[in-house]
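Counting from 1 along the sequence shown, just add 691 to a position and that's the residue number in this note's numbering.
C-beta: ideal position from N, C-alpha, C; glycine also.
It should be emphasised that the depicted structure is a prediction, and the values quoted were computed from it without experimental measurement.
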Amino acid sequence: MVRVRYRTADGIEGAFDASPGLSLMASAKAAGIDGIEAECGGSMVCATCQVYVAEAWLSTLEPPSEMEAEMVEYTRHPRPNSRLSCQIVMSEALDGIEIELPPSQR
Numbered sequence: 692m693v694r695v696r697y698r699t700a701d702g703i704e705g706a707f708d709a710s711p712g713l714s715l716m717a718s719a720k721a722a723g724i725d726g727i728e729a730e731c732g733g734s735m736v737c738a739t740c741q742v743y744v745a746e747a748w749l750s751t752l753e754p755p756s757e758m759e760a761e762m763v764e765y766t767r768h769p770r771p772n773s774r775l776s777c778q779i780v781m782s783e784a785l786d787g788i789e790i791e792l793p794p795s796q797r
């Protein structure tokens with residue numbers, strides 16, 4: 692299992708376990724994490740699974756695809772470190788990754 696540490700927009704911190712090979716979105720939904728709506732189920736058409744990845748972890752991730760980058764532009768609260776959690780595939784290299792949830796997904 693891969694440990695994910697998260698912080699909500701109102702400062703609540705927590706952690707959950709993610710399965711390698713699954714998306715961060717799927718793992719967060721399975722863990723019951725509020726704040727990742729994922730209305731499209733991971734097909735990258737809604738951007739309601741946006742997260743902010745801690746700067747120290749950005750270089751560990753594959754760069755966003757052109758489509759993901761475009762989708763992030765349309766989120767309500769974009770930041771330079773915004774990613775769609777449906778596009779982050781969990782691996783042992785991401786053990787301890789830190790994310791923050793946006794104030795809202797819409």
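Residue closest to residue i, alpha-carbon to alpha-carbon, out of the options
{"i": "Phe707", "options": "Tyr743, Ala729, Tyr697 and Thr766", "result": "Tyr697"}
{"i": "Ala719", "options": "Ile790, Arg797 and Ser795", "result": "Ile790"}
{"i": "Ala803", "options": "Ala760, Arg770 and Met762", "result": "Here the chain comprises residues numbered 692 to 797, so residue 803 is not present and cannot be evaluated."}
{"i": "Met758", "options": "Val736, His768, Gly702 and Ala747", "result": "Val736"}
{"i": "Asp786", "options": "Ala709, Ala722 and Ile724", "result": "Ala709"}
{"i": "Ala747", "options": "Asp701, Ile788 and Ala738", "result": "Ile788"}
{"i": "Ala738", "options": "Ser756, Ile703 and Glu764", "result": "Glu764"}
Between the CA atoms of residue j and residue i - distance to the nearest angstrom
{"i": "Leu792", "j": "Gln741", "result": "7 Å"}
{"i": "Glu783", "j": "Leu715", "result": "12 Å"}
{"i": "Pro711", "j": "Thr751", "result": "15 Å"}
{"i": "Thr699", "j": "Ser734", "result": "24 Å"}
{"i": "Pro794", "j": "Ala721", "result": "21 Å"}
{"i": "Pro730", "j": "Ile724", "result": "Note that residue 730 is Glu in the sequence shown here, rather than Pro. So the two alpha carbons sit approximately 14 Å from each other."}
{"i": "Ala717", "j": "Gly732", "result": "8 Å"}
{"i": "Thr766", "j": "Ala760", "result": "10 Å"}
Span of the alpha helix (DSSP H), counted from its first residue to its last, around residue i
{"i": "Glu757", "result": "Glu757 to Glu764"}
{"i": "Ala745", "result": "Premise fails: Ala745 is in no alpha helix (DSSP H) and is neither H nor E."}
{"i": "Ala717", "result": "Leu715 to Ala721"}
Residue-chain proximity (residue i, chain C), Cβ-Cβ < 7 Å
{"i": "Val742", "result": "Given the protein chain composition of this structure (a single chain), no chain C is represented."}
Nearest-angstrom beta carbon gap, residue j and residue i [assumed within contact, 8 Å]
{"i": "Leu713", "j": "Met781", "result": "6 Å"}
{"i": "Glu728", "j": "Gln778", "result": "The Cβ separation is near 15 Å, so there is no contact."}
{"i": "Tyr743", "j": "Ser773", "result": "6 Å"}
N- and C-terminal bounds of the beta strand (DSSP E) containing residue i
{"i": "Val693", "result": "Val693 to Arg698"}
{"i": "Leu792", "result": "Unbroken run through Leu792: none, as it is neither H nor E."}
{"i": "Ser776", "result": "Per DSSP, Ser776 belongs to no beta strand (DSSP E) and is neither H nor E."}
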